[in-house]
Every structure is written in structure tokens, then in C-alpha cells.
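To start, the structure itself, in C-alpha cells.
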Amino acid sequence: ASHPSTLTTVDNLAMLLKAQGKLDEAEPLYMRALQGYEEQLGASHPDTLGSVYNLAGCLQKAGRVEEATSLFRRELEGCAASLGDEDKGTIFSARNLVLLLDQTEGTEEARQLRARFRL
């Protein structure tokens, strides 16, 4: 286990690698940060949810849409549970998931999310 500030550094390094297109190097760092946040802060902590979101974005960029969608759902439900459906962060997460679902076959789920979050 690592200190939360160390995990933030690991997550930031993963973001840099992702931005450089080094997804194979970024993914294990995102996973390490997420595991550490879960152990140190719990699954519903905002930093943990942010790490879930970051890993999902990496997987999406790598073309692993099914895995990314699952993580984006987890992050959205965590935000909704802790912050509420009206929170700006929750709405941002819902909007991102809807955009991803629109690109795949999740049109019914996207419709339901649009209605729930008034997108």
C-alpha cells in the first residue's frame, strides 16, 4: 500500500504516459493507483472514483470499450451515490458515459441516463 500523495503521483505519471500515447505503460500505473486508493481510501472516495475514471479513459483510448464502459458506469454510480444526481461532477460523468454509449450499442442505456440526469 502507498500513501495517497504517492498514489496521486503515480496517477499523474500515468496521465502523462497516456497523453504521449504510451497506453501499455500507462495502464499498469493507473491500475496500481486505483488499487492503492481502494485500499487506503475505500471504493467510494472521490480520489478513488477519479482513478476509476482515469483508468477507464485509458482503456477507451486503447480501444477496450467494453472494459472502459464498465468502469465509467462504476465511476458514475459512485459519484451519484456520494454527490447526488444534481452535482456538476456527476453530470459530467453521466455526459461522458452517454457519449461513449452513443458510439457503441448502448442507445437505450444512453436514453435512460439522459432522462435521469436531464442531459
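The working numbering numbers the first residue of the sequence shown as -16 and each following residue consecutively.
Yeah, the Cβ is synthetic: ideal placement off N, Cα and C, and Gly gets one too.
Please return the same chain residues whose Cβ sits closer than 6 Å to the Cβ of residue i, not counting the five positions on each side in sequence.
i, result
"A51", "A39, L42, Q43"
"L96", "A77, V81"
"A63", "T73"
"A150", "Past the edges of the chain, shown from -16 to 102, lies residue 150, and the structure says nothing about it."
"T31", "Y20, E21, L24"
Go ahead and pull the three-state DSSP assignment for residue i.
i, result
"G4", "coil"
"L102", "coil"
"G67", "coil"
"T87", "coil"
"R47", "coil"
"G19", "helix"
"G25", "coil"
"S(-15)", "coil"
When burial is assigned at 16 or more other CB atoms within 10 Å of the CB, is residue i buried or exposed?
i, result
"E58", "buried"
"E10", "buried"
"N37", "buried"
"S34", "buried"
"A26", "exposed"
"G61", "buried"
"A2", "exposed"
"A98", "exposed"
Whose C-beta lies closer than 8 Å to the C-beta of residue i among residues of the same chain, with five residues either side of it excluded?
i, result
"L0", "L6, E8, A9, L12"
"L84", "T52, T90, E92, A93, L96"
Kindly list the residues whose CB is nearer than 7 Å to the CB of residue i, restricted to its own chain and excluding five residues on each side of it in sequence; keep chain order.
i, result
"F100", "D68, I74, A77"
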